[in-house]
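Student: Okay, handing you the structure first.
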Amino acid sequence: MNSDIKSLLEGVQNGSVSVEDALLKIKKQPFEDLGYAKVDLHRKARQGAAEVIYGAGKTPEQITGIVRSLQKADTNTILITRLDEGKARAVSAEIPFDYRKDARIGIVGKLPEPDGIGTIVVATGGTSDIPVAEEAALTAEALGNKVCRLYDVGVAGLHRTLAHMDEIMSATVIIAIAGMEGALASVIGGLADCPVIAVPTSVGYGASFHGLSALLSMLNSCASGVSVVNIDNGFGAGYQASMINHVEAK
Numbered sequence: 250m251n252s253d254i255k256s257l258l259e260g261v262q263n264g265s266v267s268v269e270d271a272l273l274k275i276k277k278q279p280f281e282d283l284g285y286a287k288v289d290l291h292r293k294a295r296q297g298a299a300e301v302i303y304g305a306g307k308t309p310e311q312i313t314g315i316v317r318s319l320q321k322a323d324t325n326t327i328l329i330t331r332l333d334e335g336k337a338r339a340v341s342a343e344i345p346f347d348y349r350k351d352a353r354i355g356i357v358g359k360l361p362e363p364d365g366i367g368t369i370v371v372a373t374g375g376t377s378d379i380p381v382a383e384e385a386a387l388t389a390e391a392l393g394n395k396v397c398r399l400y401d402v403g404v405a406g407l408h409r410t411l412a413h414m415d416e417i418m419s420a421t422v423i424i425a426i427a428g429m430e431g432a433l434a435s436v437i438g439g440l441a442d443c444p445v446i447a448v449p450t451s452v453g454y455g456a457s458f459h460g461l462s463a464l465l466s467m468l469n470s471c472a473s474g475v476s477v478v479n480i481d482n483g484f485g486a487g488y489q490a491s492m493i494n495h496v497e498a499k
């Protein structure tokens, strides 16, 4: 995953990069202090993915400043999560980017070519879960993964789930996203031979307690190999799935 540093060292080895240039690049300040943010410029080297901008609570000016800092550090794909339409319009006046309204995600630059070991399947219980699913799917794609979307395959019509056994059985990681009672994660967990990341959503009637019922159901899943992220945390699921999908490459 530390491909940038590896490429730099290989460049020194084969003579395409001088020792002085390599040393200068390594010695560059690991973060840029913008006053309102300390942008982590070495995160990709440490963790395999550049810093992601959490848009909620930040002004358009702050988001723009962080994007420009990452661009100066040669970050090719920049992800902005939880970005509402108003901020997206303001940021786009300064920096062109692709805004996905349902997922509330902005993508600066092009999506990279997939370089993971397999396919990440993103499945939802219902259509109402798609915004969280798109946050997960776009996050995974921005981190260099091939993604297969299976939407509205919940257990209220189990035949819809079983119609996609080929995709489920060939996945490297599955993200199961559901509200209500959150049963989809247990069903898929009992079918798949790969890790399943469960995402409870705040979709449901009053007794679902804004996703708490689904969260508790998923935490108590009897299917082995199911892990759970927080309510509506599509980003966290997509990021974790990408890490799993890149383990062999690492």
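First residue of the sequence shown? That's 250 in my numbering, and the numbers climb one at a time after it.
Ideal Cβ placement from N, Cα and C applies to all residues, glycine included.
1) Among THR326, LEU272, VAL370, whose alpha-carbon lies nearest the alpha-carbon of GLY501?
2) Run through the DSSP bridge pairs and tell me what ASP401 is partnered with.
3) Excluding the 5 residues flanking VAL266 on each side, which residues of the same chain have their C-beta closer than 8 Å to its C-beta?
4) Any idea what DSSP makes of MET250, helix, strand or coil?
5) If I'm right that THR326 touches LYS359 with Cβ under 8 Å, what's the distance once you round it to whole angstroms?
6) If you reduce the DSSP assignment to three classes, tell me which class LYS336 lands in.
7) Does DSSP put ILE437 in a helix, in a strand, or in coil?
8) Within the same chain, show all residues whose beta-carbon is closer than 6 Å to that of LYS395, passing over the 5 residues directly before and after it, in chain order.
9) Just the C-alpha distance for ALA405 and LYS307, rounded to the nearest angstrom, thanks.
10) Going by DSSP, what residue range makes up the alpha helix (DSSP H) through THR376?
11) Is the separation between the beta-carbon of GLY453 and that of SER462 shorter than 8 Å?
12) Assuming ALA299 contacts ARG331 under a Cβ cut-off of 8 Å, what Cβ separation, rounded to an integer in Å, is found between them?
13) Can you find the residues in the same chain that come closer than 7 Å, C-beta to C-beta, to ASN479, ignoring five residues on each side of it along the sequence?
14) How would you call CYS471, buried or exposed, if buried means at least 16 neighbouring beta carbons within 10 angstroms?
15) Which residue marks the beginning of the alpha helix (DSSP H) containing TYR454, and which one marks its end?
16) Which complete beta strand (DSSP E) runs does the region 276-303 hold, if anything under 3 residues is left out?
17) Kindly list the residues whose CB is nearer than 7 Å to the CB of TYR400, restricted to its own chain and excluding five residues on each side of it in sequence; keep chain order.
18) Distance check for GLY455 and MET250, CA to CA, integer angstroms please.
Tutor: Working from what's here:
1) Coverage of the chain is limited to positions 250 through 499, which leaves residue 501 absent and any answer about it impossible.
2) Answer by DSSP bridge pairing: none, since ASP401 is not bridged.
3) So the list reads LEU257, GLY260, once near-sequence residues are dropped.
4) Residue placement at MET250 is poorly supported in this model, since its pLDDT is 38, which falls under 50; the coordinates still yield a value, given next. The answer is coil: DSSP assigns MET250 none of H, G, I, E or B.
5) About 7 Å separates the CB atoms of THR326 and LYS359; that is less than 8 Å, so the two are in contact.
6) Assignment of LYS336 by DSSP, reduced to helix, strand and coil, places it in the helix class.
7) Helix.
8) For LYS395, where only same-chain residues beyond five positions count, the Cβ hits under 6 Å are PRO363, THR368.
9) Rounded to whole angstroms, the separation of the alpha carbons of LYS307 and ALA405 is 39 Å.
10) Note, THR376: premise wrong, no alpha helix (DSSP H); not H, not E.
11) Yes, the Cβ-Cβ distance between GLY453 and SER462 is below 8 Å.
12) Between the beta-carbon of ALA299 and that of ARG331 there is about 17 Å, and that puts the pair past the 8 Å contact cut.
13) Correct list, in chain order: GLY485.
14) Classification for CYS471: exposed.
15) Neither: TYR454 is in no alpha helix (DSSP H) and is coded neither H nor E.
16) Restricting attention to beta strand (DSSP E) runs no shorter than 3 residues, the region 276-303 encloses them at 280-282, 287-289, ordered along the chain.
17) The beta carbon of TYR400 sits closer than 7 Å to those of THR373, THR376, ILE379, ALA382, all from its chain and outside the five residues before and after it, given in chain order.
18) Reliability fails at MET250, whose pLDDT of 38 lies under 50, so the model's placement of it is uncertain and the value that follows must be treated cautiously. If I take the Cα positions, the gap works out to 44 Å.
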